[in-house]
Structures are given as C-alpha cells and as structure tokens.
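**Q**
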Amino acid sequence: IARMLAGTRITDEARAAVLRQMAVDLLAERSRQAPFVLLLEDLHWFDSPSFALLEALLEANLPILVVATTRTDDRTAELAEGPSRERMVLSGLDVEQSAALLAQTCGASTVDDALASRVHMVSNGNPLFITQLGRFLLDNRRVEVRHEQLRANDETLSLERAFAAHGVPATLEGVVMGRLDALPAADRETARVASVLGGSFSHRDLDILLGGARDLSQLTDAGILASRQAVIDFRHAILRDVAYSTLSLADRRRWHRAVAGLLLAKPEAAAGQLNAALAYYLERAGDLESALAYGLKAALASLRGNANREALGQSVHGLDLLAQLAPEVAATLRGTGIELELSAGEAAQRLSLYDEAVRHKDKALAALGGAIPIGGAAVPALLREIAAQVVRRRAPWLFSNARPGPGDLRLSAETAELVEIYFYRGESLRSLYAALRALNLAEGGGDTPQLARGFGIVGTIAGFARLSSVAKSYGERALDVLSRIDDPGAAWWVPLVVGVSRLSAGDLTTASRLMEMTAIAADRIRDRRHWRDAIGNQSIIFGLRGDWNAGLRLSEQYLATAIEDRDTRYMVAAARERAYYLLQLGRLDEAAQELVHLRAEIEQGLKAEEAASRQDLHAIASALSLIRGDTVAARQEADAGYAVLQGNGSSSFPNMFWSLSLLFAAYLALA
C-alpha cells in the first residue's frame, strides 16, 4: 500500500493520513467480529506516525481494549489524558511481593524474613533487579532452598550487613555483569555479539555473524535471552546494555561493520527500508561518510512518511557527523550537507519550529549561492530586488535573454518557502526580500510553478503593506500563470496566498472564491494542513460578514482534523475563532472555556502566531469580563491586549481587526 501511494501525487502528510485511516479501518473491521485486546509495549519508543495512529485509533472509540506499557514522558502523559483512558502508575513491589517473586525465581515456596528484607532494601522493589539478584545468589551458591524455604548459605547474608562484604553487587548492572562473567566463554561471546544486533533479532542473523548455529540453552536457562520461533530477544534492555558494555571499542567497530554488511545483503535494504539502521551501524563502525549517505536517505524517508520529529533528529544528527569530518573530506560532501540542512529546515517548519527552520534553511541557501542578507545589507539588497521588479514590469525587453536555469528555479522554490517563516518570526524586510527574490529568480523561464508562486507571494505581501493595486495586479498574474500549468502544489498554494491578499484588502467575495479553489485543490491531493488553511480563512470571511454560526461550524470542521493530526497551530487558530464567534452569539460559558484552552496553549509556549493568539486572548477576555460586569478584569485584559498590539507588527488583517474592534469597544465602555 505504501509503495502504491508513493507513486501518487499527494503530499507526505496526506499519504500518512491515508495509511493511518486504512489501519484504523482494518482494526475496526476486526473489532466488529469480536472485541479484543491490543497490547503495546514500550510506548515511549514509538515514532510520530505510530503515535498519530494510536491517537486516531483511540479517537475512533472502537470496542478494543488498548493496554500500553511505557515510561513517563510528555508525549505518553498527554496520550493518557481523555475520556475512557486510565493511567496506572507502577511503583516498586513491597516486601511481601518482593519475597514472593524471589521465591518463584529461585524455586522456593517462602523466603527467610531477614533475606527477604535485605533483598527488598537493595532492589527497592524493582522486579528485574529482584529476579537477577535471585539468580546471581543461586548461581553463586550464596543461597539455597531448605525445606522449600530460600535461605542464605552464609548466615551473615540474612543479617542487616552490606551485601558488598560478601561479594554481592549493590546495583542491577553489577549483578548482571557478575552473571555474565560466570557463563562459559562461548556463551559470553554469543551474548556480546547478540547485543550488537539489538534487543530483538533473528536466529538466522545471529548464526551468520557467528559463522554457524550456536547452542543458546545456557543463555536462555540463565534468563539472559528468550527464544521464540525464528526470533531471539534479550529478556530486558538492561541485560543487552550490560552485555554490550563488555565489548572493546575495536570489537564494537568490527561487529557493527559486520552487521552493516549483513543488512546490506537483505532485500529490504535495496527497497530503502533499512536506511536508518544502516546509518546507525555504519556510524558505529567508524564509516561516517557512508553513515551520512544513509542518514540523509532515512531523513528524507521520514519526511515522506510525515514523521517530522524523526526527520529533524536524523538531519541534525547527520549535520553533527559532518562537522566531525576533516575539512577536506567535508568539502567533498557539500551536497549532502545542503540536503541535510534543507531536510532539517523542512521538518522544523512543519513542526512550526520557525527559529530552527530559518537557521537551517538560511545555511542551505547560503551554500546554494542565495544567502538572505541580514543587518545593514538587508535594505540595499531589498531595494535591488524592488528595482529589478520595476524594470521587469516597465522594460521587460532588457531581460529578453535572461533565462533561469534549473539551479535558479530550485533556489526560487527554496527561497519562497522562507517567506512564511520570516513572516511568522516578524521579520518583515526579510520576508519581502525573499518573496521578491523568489519571483526575480523564476521570471524569464516561461510558465512554471515557481513563477506562479512568486507572483502570488509578492502580491500577498503587497496586500499586507496596503498596496492594493500592486497586490491585485500580482495576484492576477499568479492566477493567470496557474491557469496554464498543471501542478498540484501550485494549485492550492497560489489561490491560498492570493486569497489571503484579497481578504486583507476587504474583497471578501473574491477571497471566498479563492479559498474554495484552495480547499478543492488541497483535498484532491489529500493535503489536510492546507485544507485547514482554506477552511480557516473561509471561517474568518463568514465572521467578517457577521455570519457567526457559519463561521463557528467551519472552525469546528477544521478543528476536528487538527486534533486528529495533533497540529497545535491550527488547534490554537480554531480556539481563537471559536471563542470570538461564541462571544458574538452570547454563549459566554463556552467562549470562556475556549479561552481557558487558548491560555493553556500559550503558557506551554506556542511556536507560531503567539502574538496574534495573545491579542485575541486578551481582547476576547476583556469583552467577556465587561459583559459579566467585572470592570477590573476587563481593564487588565484590555491593557494586556493593547500592549501586545503595540509590539506586534505582523498580525493578519482579520486578527488585527477583531482585536482592535473588541479593545476599542472595551475602552469606550470603560471610559
């Protein structure tokens, strides 16, 4: 299914959404046959697409009992919140439970009280520590079973004296190391090699590495490994980590190189499914150049799968590896470095991490020869791009022989991507420069997606600058070019940015028509993120027309998909719109609840539109307080909103309009 979708013209996000929905549908079909239990272990290791799939499954409210084990982190804690979800925090075992587990491990019915107390004190009730410690004591004849009771051979073990005095390790790692050291040399070597393969691996892979089949009975009897059909597992990650720690650096490199060779021989490697694993093993084998190549492939595959956090991590790690290479070697990998910067920037942009996105994309553009000027160089550079546009419009014959090459078109596309980032960062000059630069690079090459985008984005920025005639002219040029090309990306991008321009100019009819075009084009390629852009702007148009109910319905539509995709930016935008419409409809308690959600998101630290969100939060809260007769709170919220307005020069027109109108009304009433 994934390979089939890879050949279609849909976005990475849409492809991930399709696969996610198909998986939920398959589970729904299975649940109709009979309810069942889905057990998920080590949830903290799940990647972003897996988390999104689990969230979609939980939201579907199917007759499936989902049981997940996990360590606590922010993602898993958030997932546990919600209706029909319960979190069970597991603490250490008490003395009686520890004694029962120790007895079971050592083949006894009961445990001497003093020994049980000491084992519990040392292990702190950790089940793994208890079982490993019990096996260690039994293997080393420190304890024995007498009349079905586990007792210490050395009576001092039963007393409140430190185990260390009798050669008993005081930590779990020490106990495991002691148990490994007690194994025959061949079994120790098997455990070490197995630890390089990971926590779970196949019999076949282990046999190939070791040059033949090995008897694993002692390792399985000792509880180090567990064998199930064709797969072998370490009983616990700590067992694997301790075995791995006994390898020398030279042996680690040798075995990692051997595992990389093993993976390369698999058909999955040719299909690109093992890129991340190959990057890992080659890096630890010391082959950083090959690791970089596979790491880049893994990052790009993660982007295609909409695993943006993983893509960002893989790209940044690749850049760190590149920095470790000798300068002359790094110079030969310049292209790889550029691609890693671009993939990191793209992933960060999708996650609304705009500071990180611009840092990576700026570096990539500089390497491509299109650095965005900063500081004192920004204004002259901007004036040059403006002059180039004026000349192109007034005297196009001067550029009759200028034809953009493939490099120019690529630079145009990458530069256009920065316009949005600069805008959300409040860098108006750089945003305008990037827009003009992207257009100037694309002109002269005929009708291309880059040209349509260039005209569109320049028109939008002109609209925000209140240059209405310029905005309208460039917007018409963008739509004209779009009508003569067939490009799925431009089909939603151009009407969206031109529509935003017309919206800021107050041309609601044209803006509405263009948002409809955007929604249709985005839906056609299953691009839910930009479908939300279109629906969100359409909701604003209804609000500006005073149709609060219609605006509320649309905001609820795109809020549902934003929650499903865990897209904070659009969840916050929907909360702002909903709060405003509910206020206008007199549904004050519901509006107040939306403000609670909005305030919580702001306190958690928004990555985009923070100022705009604060404006609406304070403005709506001020109006709400005034309606309820709390003039003190109304004054405080109004002053806070006005302070944000004064320091925010990048607000969109509708947002500024709502905030200003509400604050004006509040101050008028307070006066």
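Count along the sequence shown from 1, then add 1; that gives the number in my numbering. Beta carbons are placed, not taken as given, at the ideal position from N, Cα and C, and that holds for glycine. As the structure is a prediction and not an experimental result, all values here were calculated from the model.
#1: Check this for me: beta carbons of residue 581 and residue 617, under 8 Å apart or not?
#2: Specify the secondary structure class of residue 665 as computed by DSSP and reduced to three states.
#3: Name, in chain order, the residues that DSSP records as bridge partners for residue 201.
#4: Does the beta-carbon distance from residue 285 to residue 335 come in below 8 Å?
#5: Given residue 342, which residues of its chain have a CB within under 6 Å of its CB, disregarding the five upstream and five downstream residues?
#6: Could you tell me if residue 428 is buried or exposed, where buried requires 16 or more neighbouring beta carbons within 10 angstroms of its beta carbon?
#7: Are residue 367 and residue 357 touching if we call contact CB-CB under 8 Å?
#8: Does residue 672 come out as helix, strand or coil in the three-state DSSP assignment?
#9: Using 8 Å as the threshold, is the C-beta distance between residue 241 and residue 196 below it?
#10: Using the rule of at least 16 other Cβ atoms within 10 Å of the residue's Cβ for burial, across every protein chain shown, is residue 665 buried or exposed?
#11: Opposite residue 37 in the DSSP bridges: which residues?
#12: Please report the Cβ distance between residue 529 and residue 186, rounded to the nearest whole angstrom; I am assuming they are in contact, meaning their Cβ atoms lie under 8 Å.
#13: Determine contact between the segment 67-77 and the segment 35-46, defined as no fewer than three beta-carbon pairs at a distance below 8 Å.
#14: Can you check whether the CB of residue 243 is closer than 8 Å to the CB of residue 190?
#15: Which runs of the alpha helix (DSSP H), 4 residues or longer, sit entirely within the segment 486-534?
#16: Would you tell me roughly how many angstroms separate the C-alpha atoms of residue 161 and residue 154, rounded to the nearest one?
#17: Which residue from 303, 198 and 245 puts its Cα closest to that of residue 263?
#18: Mind checking which residues open and close the beta strand (DSSP E) that includes residue 229?
#19: Using alpha carbons as the reference points, say which of 502, 430 and 466 lies closest to residue 377.
#20: Which one of 123, 96, 126 and 488 has the shortest CA to CA distance from residue 112?
#21: Residue 440 and residue 456 - do their beta-carbons sit closer together than 8 Å?
#22: Around the C-beta of residue 88, are 16 or more other C-beta atoms found within 10 angstroms, so that it is buried, or is it exposed?
#23: Which one or two residues does DSSP pair with residue 153 in a beta bridge?
#24: From which residue to which residue does the alpha helix (DSSP H) around residue 217 run?
#25: Less than 8 Å separating the beta-carbons of residue 663 and residue 612?
#26: Please go through the segment 47-91 and give each complete alpha helix (DSSP H) segment of 4 or more residues, from N-terminal end onward.
#27: Check residue 160 in the structure and name its three-state DSSP category.
#28: Less than 8 Å between the beta carbons of residue 598 and residue 576, yes or no?
#29: Within the continuous alpha helix (DSSP H) that includes residue 121, where are the two ends?
#30: Buried or exposed for residue 671, please, with buried defined as at least 16 other CB atoms from any protein chain shown within 10 angstroms of its CB.
#31: Measure the Cβ-Cβ separation of residue 28 and residue 58 and say whether it is below 8 Å.
#32: Under 8 Å by Cβ, that's how I've got residue 413 and residue 424 pegged, so tell me the actual separation to the nearest angstrom.
#33: Going by CA-CA distance only, name the one from 372, 313, 319 and 508 that's closest to residue 283.
#34: Can you tell me which of the three DSSP states residue 362 falls into?
#35: Do residue 639 and residue 584 have their C-beta atoms within less than 8 Å of each other?
#36: Runs of 4 residues minimum, wholly inside the segment 245-277: which ones carry the alpha helix (DSSP H) assignment?
**A** With the structure as the only source:
#1: In the sequence shown, counting from the first residue as 1, residue 581 sits at position 580. In the sequence shown, counting from the first residue as 1, residue 617 sits at position 616. Yes, the Cβ-Cβ distance between residue 581 and residue 617 is below 8 Å.
#2: Translated into the one-based positions of the sequence shown, residue 665 becomes position 664. Note: residue 665 maps to helix in three-state DSSP.
#3: For the purposes of this step, residue 201 is taken as residue 200 along the sequence shown, with counting starting at 1. Note: residue 201 sits in a beta bridge opposite 234.
#4: Along the sequence shown, read from residue 1 onward, the residue named residue 285 stands at position 284. Along the sequence shown, read from residue 1 onward, the residue named residue 335 stands at position 334. Against a cut-off of 8 Å, the Cβ pair of residue 335 and residue 285 comes out as no contact.
#5: The count along the sequence shown starts at 1 and reaches residue 342 at position 341. Excluding the 5 residues flanking it on each side, residue 342 has same chain C-beta neighbours closer than 6 Å at 361, 364 and 365, in chain order.
#6: Sequence index remark: in the sequence shown, residue 428 carries index 427 (1-based). Looking at its Cβ environment, which holds 16 or more other Cβ atoms inside 10 Å, residue 428 is buried.
#7: Sequence index remark: in the sequence shown, residue 367 carries index 366 (1-based). Sequence index remark: in the sequence shown, residue 357 carries index 356 (1-based). Residue 357 sits away from residue 367, with the two beta carbons spaced by 8 Å or more.
#8: What you label residue 672 is simply residue 671 of the sequence shown in a count that begins at 1. Secondary structure at residue 672: coil, using DSSP grouped into helix, strand and coil.
#9: Mapped onto the sequence shown, residue 241 falls at position 240. Mapped onto the sequence shown, residue 196 falls at position 195. Cβ distance < 8 Å, so residue 241 and residue 196 count as in contact.
#10: For the purposes of this step, residue 665 is identified with residue 664 of the sequence shown, where counting begins at 1. That one is exposed.
#11: On the sequence shown, residue 37 is found 36 positions in, with the first residue counted as 1. DSSP links residue 37 through a beta bridge to 65.
#12: As a first step, residue 529 must be located in the sequence shown, where it is residue number 528. As a first step, residue 186 must be located in the sequence shown, where it is residue number 185. Between residue 529 and residue 186, the beta carbon gap of about 58 Å keeps them out of contact (Cβ cut-off 8 Å).
#13: Verdict: yes, contact present.
#14: On the sequence shown, residue 190 is found 189 positions in, with the first residue counted as 1. On the sequence shown, residue 243 is found 242 positions in, with the first residue counted as 1. No. Outside cutoff.
#15: Listed in chain order, the complete alpha helix (DSSP H) runs (minimum 4 residues) inside the segment 486-534 are 489-505 and 509-525.
#16: Here residue 161 refers to the residue found at position 160 when the sequence shown is read from its first residue. Here residue 154 refers to the residue found at position 153 when the sequence shown is read from its first residue. Low local confidence applies: a pLDDT of 45 at residue 161 is under 50, so the model's placement there is unreliable, with the coordinate-based value given in what follows. Going by C-alpha positions, residue 161 is about 15 Å away from residue 154.
#17: Taking the sequence shown and counting its residues from 1, the one referred to as residue 263 is at position 262. Nearest in C-alpha terms to residue 263, of all of 303, 198 and 245, is 198.
#18: By 1-based counting over the sequence shown, the position of residue 229 is 228. Note, residue 229: beta strand (DSSP E), 226-229.
#19: Here residue 377 corresponds to residue number 376 of the sequence shown, with the count starting at 1. Comparing alpha-carbon positions, the option among 502, 430 and 466 lying closest to residue 377 turns out to be 430.
#20: Start at 1 with the first residue of the sequence shown, and residue 112 comes out as number 111. Residue 112 has its Cα closest to that of 96, out of 123, 96, 126 and 488.
#21: For the purposes of this step, residue 456 is identified with residue 455 of the sequence shown, where counting begins at 1. For the purposes of this step, residue 440 is identified with residue 439 of the sequence shown, where counting begins at 1. Yes, they are a contact pair.
#22: Numbered from 1 along the sequence shown, position 87 holds the residue referred to as residue 88. Exposed, by the Cβ-count rule.
#23: Indexing the sequence shown from 1 puts residue 153 at position 152. According to DSSP, residue 153 bridges with 144.
#24: In the sequence shown, the residue the question calls residue 217 occupies position 216. No alpha helix (DSSP H) contains residue 217, which DSSP labels as neither H nor E.
#25: In the sequence shown, residue 663 corresponds to position 662, counting from 1. In the sequence shown, residue 612 corresponds to position 611, counting from 1. Cβ distance not < 8 Å, so residue 663 and residue 612 don't count as in contact.
#26: Counting only runs of 4+ residues, the alpha helix (DSSP H) found wholly inside the segment 47-91 occupies 49-60 and 75-80, in chain order.
#27: What you label residue 160 is simply residue 159 of the sequence shown in a count that begins at 1. The predicted position of residue 160 is uncertain, since its pLDDT is 45 and thus under 50; no value can be drawn from it.
#28: Along the sequence shown, read from residue 1 onward, the residue named residue 598 stands at position 597. Along the sequence shown, read from residue 1 onward, the residue named residue 576 stands at position 575. The Cβ-Cβ distance between residue 598 and residue 576 falls below 8 Å.
#29: Here the question's residue 121 lines up with position 120 in the sequence shown. Segment 114-124, the alpha helix (DSSP H) holding residue 121.
#30: For this step, residue 671 is matched to residue 670 along the sequence shown. With fewer than 16 Cβ atoms within 10 Å of its Cβ, residue 671 is classed as exposed.
#31: Mapped onto the sequence shown, residue 28 falls at position 27. Mapped onto the sequence shown, residue 58 falls at position 57. Inclusion of residue 28 and residue 58 in the CB contact set at 8 Å is warranted, their separation being smaller than that value.
#32: Position 412 of the sequence shown, counted from the start, is the residue given in the question as residue 413. Position 423 of the sequence shown, counted from the start, is the residue given in the question as residue 424. In this structure, residue 413 and residue 424 do not form a Cβ contact; the two beta carbons are roughly 18 Å apart against a cut-off of 8 Å.
#33: As a first step, residue 283 is located in the sequence shown; it is residue number 282 there, counting from the start. Nearest of 372, 313, 319 and 508 to residue 283, Cα basis: 319.
#34: In the sequence shown, residue 362 corresponds to position 361, counting from 1. Helix at residue 362.
#35: For the purposes of this step, residue 639 is taken as the residue at position 638 of the sequence shown. For the purposes of this step, residue 584 is taken as the residue at position 583 of the sequence shown. Cβ atoms of residue 639 and residue 584: not closer than 8 Å.
#36: 250-265 and 268-271, all fully within the segment 245-277.
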